[in-house]
C-alpha cells in the first residue's frame, strides 16, 4: 500500500507562476524525498529532507516537512515550460524497508 | 560516469512466454529495486535486493522472480507472461536503504 499521497493529482499553471504540490503520509519516517519524471523517462531525484529538518532549498525548489501533520510540500518558484513533468514524493519509513512512492502530481507549465 | 541501464527498452511478447528484463548498474550499490508503473497506480515495488544472494518480495511480486548473483545486475523474470503484466518497468539502485534511488530509463513491456 502506498504511504505518500500527493495533492493535487494534476496542476496546470502559466510560465513564471509558482507551483505547489503537497504530500501526506501515514507513519513515522526517516526522510522524505521528491522525484521528477519527464514523459517516457525514469525518475530523477530532486531533494531529500530528513525528519529532523523543517525546510530545504535547492535552486528554485523549496521543500518543507511538518512531521506533526505528516505532510510535506514542494514549491517550484518562477516555473518554466521545462518543469512540465510528474512529481513524486517518496517516504523512508522507520525500519528496514524500502522507499514508498506516492502516485504523483502531473504538472503542466504553459508558456 | 556511473549509470544504471535497462534492456530491452521495448518488448512485445505473447501470453505464457517467459520474459527476462535486464538491469545493470555501475554505481556499486548494494540495494537494487524493480518497480512497475501503471496509470492510476503510480510506482509499485515488485522485488528488491540488499546485496548479492539477497532477494525480497515487494507489494506486487506474484508472477515475477529475481536473482542477485553479483552486485551489478538484478534481472527480473516473468515466469509466464500475462496481459496484466503489460506495463512500464523501472529498475533502481541506492547506496543506503532509505537514501536516494537512481533509476534506469525503463522497459516498456506489452503482453499480447
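Residue numbers (this note's numbering), protein chains in the order written: chain U, 431 to 541; chain F, 317 to 428. From the three backbone atoms N, C-alpha and C, an ideal C-beta is built for every residue, glycine too. Here the structure is a predicted model, which is why all the values come from computation and not from measurement.
Cβ distance (whole Å) where residue 476 of chain U is taken to contact residue 461 of chain U below 8 Å: Wrong, their Cβ atoms sit about 13 Å apart, outside the cutoff.
Item to complete: Under 9 Å between beta-carbons, which chain F residues line up against residue 475 of chain U? List them in chain order, please.
Response: 416, 417, 418 and 419
Note to self: Mapping the DSSP letters down to three states, classify residue 341 of chain F as helix, strand or coil.
What the structure shows: strand
- Could you name the residues of the same chain whose beta carbon sits closer than 6 Å to that of residue 389 of chain F, not counting the 5 residues immediately before and after it, in chain order? 340
Q. Can you find a CB in chain F that lies within less than 9 Å of the CB of residue 545 of chain U?
A. With chain U represented from 431 up to 541, any question about residue 545 of chain U goes unanswered, as that position is not in the structure.
Point to revise | Extent of the continuous beta strand (DSSP E) run through residue 365 of chain F | key: 358 to 365
- To the nearest angstrom, how far is it from the Cα of residue 337 of chain F to the Cα of residue 526 of chain U? 26 Å
- Message: For residue 415 of chain F and residue 361 of chain F, I'd like the C-alpha separation in whole angstroms.
- Response: 16 Å
**Item:** Neighbour-count burial assignment, residue 422 of chain F, 16 or more Cβ in a 10 Å radius
**Value:** buried
Range covered by the beta strand (DSSP E) that runs through residue 450 of chain U: 449 to 454
Buried/exposed call for residue 368 of chain F, threshold 16 Cβ in 10 Å:
exposed
- Please determine, among U/468, U/472, U/486 and U/453, the residue with the shortest C-alpha to C-alpha distance to residue 511 of chain U. U/468
Discussion item. DSSP has residue 423 of chain F in a bridge; who is on the other side?
Written reply: F/405
### Message
Just to check my reading of the structure: residue 452 of chain U and residue 505 of chain U have Cβ atoms closer than 8 Å, yes? What is that Cβ distance to the nearest angstrom?
### Response
Wrong, their Cβ atoms sit about 10 Å apart, outside the cutoff.
Under the three-state DSSP convention, the category residue 378 of chain F falls into: coil
message: For the pair the segment 323 to 334 of chain F and the segment 394 to 410 of chain F, tell me if three or more CB-CB distances fall below 8 Å.
response: yes
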